[in-house]
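This report concerns only the one structure given below.
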Amino acid sequence: MRENGHERRERPDRSRQPRLRWVTKRRVLTGMVGVLIGLFVYGLLLML
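The sequence shown begins at 1 in our numbering and counts up one residue at a time.
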């Protein structure tokens with residue numbers, strides 16, 4: 001019974017891996033954009 005449960009769990013995990021990788025990539029991209037915007041706004045405040 002336990003072996004069958006593990007096998008069933010492995011199948012969805014494999015299909016979730018690419019989704020998790022895509023989510024992590026999106027988080028990294030959004031984080032980089034957020035940092036760039038933050039630095040840009042910080043620079044404008046210093047200029048003012």
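All C-beta atoms in this analysis are idealised placements derived from N, C-alpha and C, irrespective of residue type, glycine included.
Exercise. So what does DSSP say about L36, is it helix, strand or coil?
Worked result: Three-state result, L36: helix.
Exercise. Hey, is L44 close to the ligand ZN, as in C-beta under 8 Å from one of its heavy atoms?
Worked result: In terms of ligand content, the structure shown is empty, and the ligand ZN therefore cannot be addressed.
Exercise. Distance, Cα to Cα, L48 vs P18?
Worked result: If I take the Cα positions, the gap works out to 45 Å.
For this session: Would you please verify whether the beta carbon of G34 is less than 9 Å from any beta carbon of chain B?
Result: Within the model displayed, chain B is absent; a lone protein chain is all it includes.
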